[in-house]
Amino acid sequence: MEDIHIGGLSKAAALSLLQSTIDKRYKNKELKIFYEQTAAYKLPYDYFDFRTDYENLIEMAYGLAKVGTLKERFVQVEKMKEGTVRFSTKEWYDDGKVIRFVQELEPNYYVKAQDATFEKTEAGFVIHDEVVGKAINVEASVKAINEALVKGKSQVNLEVITTEPQITKTFYEDIKDLIGSYTTAFSSNQVGRNENLRVAASLIDKTLLLPGEVFSTNDTIGPTDAAHGYQEAPVIVNGLIQKGFGGGVCQVSTTLYNAVLLAELEIVERRNHSLAVAYIEKGRDATLADGSIDFKFKNNTNTPIYIESYLEDYHIHMNIYGKETNTANRSIDFETEVVDTIMPPPEKITEDPTLKPNEEVVEKKAIVGYTVKLYKLIYIDNALTDKIEINTSYYAA
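Using this note's numbering, you'd call the opening residue of the sequence shown number 17 and step up by one each time.
Structure representation (structure tokens):
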């Protein structure tokens with residue numbers, strides 16, 4: 017039986033011999049369980065109720081030629097005369113315990129995959145390493161432990177599934193150049209408007225835009241209502257200036273628009289105000305309206321871009337960082353051209369008997385309208401080499 021000769025022994029003697037030999041092989045035998053080449057657990061085989069079936073095999077061995085028909089017993093006797101009859105033991109253990117053991121381990125070793133992250137600090141750009149996701153493959157690990165127990169092994173490795181993060185540290189290493197920057201000024205005496213500027217700018221700040229992604233200003237800063245921290249301030253509605261929540265956020269989108277132009281990113285959607293605004297020259301503004309008018313642009317570069325947006329000393333600052341791909345001798349500039357001036361309609365005077373003599377009320381001021389074109393100028397070694405039309409803006413009279 018196995019490599020132990022029990023011929024000529026009584027059943028009791030054979031059982032005693034097997035107990036002292038086979039049991040000795042597994043008594044105090046331990047299974048070291050490794051997780052990624054590190055010993056995590058050391059368990060005795062008894063933990064899994066490990067045992068062999070030699071008692072049943074002895075019954076089978078000593079039952080040879082004693083059961084069956086006369087002919088069957090005769091055949092068994094003849095076979096025994098021909099040579100040694102061998103029996104192999106079979107190992108038994110509680111496979112349910114193996115499954116439960118691995119299932120209980122799994123949460124302790126689970127690591128969620130995490131992308132590398134990126135931030136700008138006072139000391140400069142900081143990249144935080146990615147984390148590779150890891151989890152025990154329960155089914156494969158159970159199978160490996162089962163095989164180790166059956167083969168009498170002293171160690172086994174847990175099977176691990178790894179999940180690679182989508183974004184690694186190297187992905188951000190190209191964000192090191194200031195590729196577009198613009199600043200606009202605002203007044204210190206418009207409290208509600210200034211708070212709106214702060215809220216909108218803070219929501220844009222630290223935006224990371226991956227290659228091919230489209231940035232929506234409305235999606236980022238909206239909705240511009242009281243529930244989201246916005247206050248009432250002057251807004252332009254249908255050519256008239258009136259109060260509304262979020263008044264002033266168009267200056268944030270305008271500042272961003274000009275930084276995007278200087279970064280030479282792809283403009284997806286942009287519309288000018290219905291009236292010219294004071295904080296920037298005509299043709300360079302970008303208005304917003306919740307749910308209808310948006311400023312969008314696309315990162316059409318091969319590397320991520322990072323947007324820094326903040327208020328300081330009554331100025332809005334927009335900085336866009338990425339990888340500069342243009343040569344040092346190339347530069348760009350922008351110029352506007354008023355291609356049409358639209359005079360307002362004649363003054364309309366309506367008599368109001370409720371007013372005092374020589375008293376008048378101006379319901380709507382006359383405003384001159386414009387059609388303006390914006391051009392990008394490209395210079396090589398300070399010489400103009402190209403002039404590209406960027407947009408045409410219409411401001412109503």
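Idealized CB from N, CA, C, for every residue including glycine.
Since this is a predicted model, take the numbers as computed values, not measurements.
Segment contact: the region 214 to 226 against the region 347 to 366, fewer than three CB-CB distances shorter than 8 Å; contact not assigned. Looking at Ala216, Ile161, Lys58, Phe231, the one whose alpha-carbon comes closest to that of Arg116 is Ile161. Residue burial is scored here from C-beta neighbours: Asn44 has fewer than 16 other C-beta atoms within 10 angstroms and is therefore classed as exposed. Residue pairing of Lys48 in beta bridges, as defined by DSSP: Lys58, Gln171. The Cβ atoms of Ala305 and Val265 lie no closer than 7 Å to each other. The beta carbon of Ile237 sits closer than 6 Å to the beta carbons of Ala216, Leu219 from its chain, once the five residues preceding and following it are set aside; these are given in chain order. The region 324 to 337 makes contact with the region 196 to 210; the number of CB pairs closer than 8 Å reaches 3 or more. Three or more pairs of CB atoms, one per stretch, sit closer than 8 Å, so the region 303 to 318 contacts the region 257 to 275.
Cβ neighbours of Met359 within its own chain (closer than 7 Å, five residues either side excluded): Val384, Ala413. Ranking Thr408, Thr366, Tyr322, Tyr410 by CA distance to the CA of Ile143 puts Tyr322 first. Between Thr343 and Ala302 a beta carbon distance of about 29 Å is seen, past the 8 Å cut, so the two are scored as non-contacting. For the pair Ile394 and Asn345, the CB atoms are not nearer than the 7 Å cut-off. In this structure, the beta-carbon distance from Ala279 to Ile195 falls below 7 Å. Lys314: member of the beta strand (DSSP E) spanning 312 to 314, first to last residue.
Proximity to Asp65 across Lys27, Glu229, Leu165, Asn173 peaks at Leu165, based on C-alpha coordinates. In the structure shown, Phe202 falls within a coil segment according to DSSP collapsed to helix, strand and coil.
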